[in-house]
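J.: With the sequence shown counted from 1, adding 15 to any position gets you our numbering.
Here it is, the structure, as C-alpha cells.
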Amino acid sequence: MILTSNRSFAEWGEIFGDPVVATALLDWLLHHAVVFQIEGSSYRLREHAARTCSGKSQLQLTTNPPTLRHRGRPPKKNGGAHQNGG
Numbered sequence: 016m017i018l019t020s021n022r023s024f025a026e027w028g029e030i031f032g033d034p035v036v037a038t039a040l041l042d043w044l045l046h047h048a049v050v051f052q053i054e055g056s057s058y059r060l061r062e063h064a065a066r067t068c069s070g071k072s073q074l075q076l077t078t079n080p081p082t083l084r085h086r087g088r089p090p091k092k093n094g095g096a097h098q099n100g101g
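See below:
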C-alpha cells in the first residue's frame, strides 16, 4: 500500500479532529512502514505556475528534483536477503 500526504504527522490530529485518533491511526500505519519524506518544490505546483505565468518571470521555478530522506526502520544487518546453505 502506498499512502501519500502533503501534511506532516503533527498535523494529522487537526485533520482528523482528534489527536488521540490520529496517534492511534499513525501507530497502526507506521508499525511496519517505510517512510520516505520528499522535500523540495512540487512538480504539480511548478507546472501550475508555468501555465499561469505564461513564461513571465514572476515566479522563480527550480529544476532541481526533490531530495529523498529515508525514514523508518533501519535495514536488517544481512540486508533482508536469504542466505543459501552450502
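C-beta: ideal position from N, C-alpha, C; glycine also.
Mapping the DSSP letters down to three states, classify I17 as helix, strand or coil.
T.: Coil, per DSSP.
J.: Taking F24 and L41 to be in contact with their CB atoms under 8 Å, please state how far apart those CB atoms are, rounded to whole angstroms.
T.: Correct: roughly 6 Å between the Cβ atoms.
J.: For E54, report the span of its beta strand (DSSP E) as first-last.
T.: Where E54 is concerned, the enclosing beta strand (DSSP E) stretches over V49 to E54.
J.: How many Å lie between V35 and C68 at the Cα?
T.: Between V35 and C68, the C-alpha separation is close to 43 Å.
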